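Report on one structure; see the data block that follows.
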Amino acid sequence: MFRSFRKFEEHLNQLDIIEMNKYMALTSNADDQPLFVDTSAPLHILLDTAGYRIRAVTQFLENLAMRGEIPTDSVVLQDFAQLCCIPLRDGCDLLDVLARRLDAEPA
């Protein structure tokens with residue numbers, strides 16, 4: 001099938017590029033990017049996963065807003081903000097993949 005090792009190597013590189021485009025690193029990752037989104041996952045799964053993360057943050061914020069007393073310690077507030085940012089960013093990443101997939105579909 002391949003006449004030389006170079007042609008085989010080029011073919012493998014093309015496969016790696018295709019495979020790398022299939023998976024997108026979540027932007028909420030640390031520097032090592034251990035979590036990825038399968039950009040070819042069914043649209044309903046991407047939507048459900050995004051909705052789950054966004055609803056979790058919404059529920060947390062609603063519960064926090066109904067509390068009589070909210071701690072004002074800057075470290076605690078920073079932790080609350082981080083707690084909300086990670087799943088919100090993940091949900092937005094998933095919605096971004098969903099939007100790009102829908103835009104790519106023929107009308």
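So that you can map any letter, position 13 of the sequence shown is 13 in the UniProt record's numbering, and since no number is skipped, the others follow by simple counting. Just so it is clear, CB atoms sit at the ideal spot from N, CA and C, and this is done for glycine as well. On a predicted model such as this, the values are computed, not experimentally measured, just so you know.
Check	Outcome
Have a look at the DSSP bridge pairing and note the partners of aspartate 38.	Tyr23
Give me the Cα-Cα distance between alanine 65 and threonine 72, rounded to the nearest whole angstrom.	13 Å
Identify whether isoleucine 70 lies in helix, strand or coil by the three-state DSSP scheme.	coil
Give the range of the alpha helix (DSSP H) segment to which glutamate 62 is assigned.	43-65
Look at the alpha carbon of isoleucine 70 and the alpha carbon of serine 28, and state the distance between them as a whole number of angstroms.	26 Å
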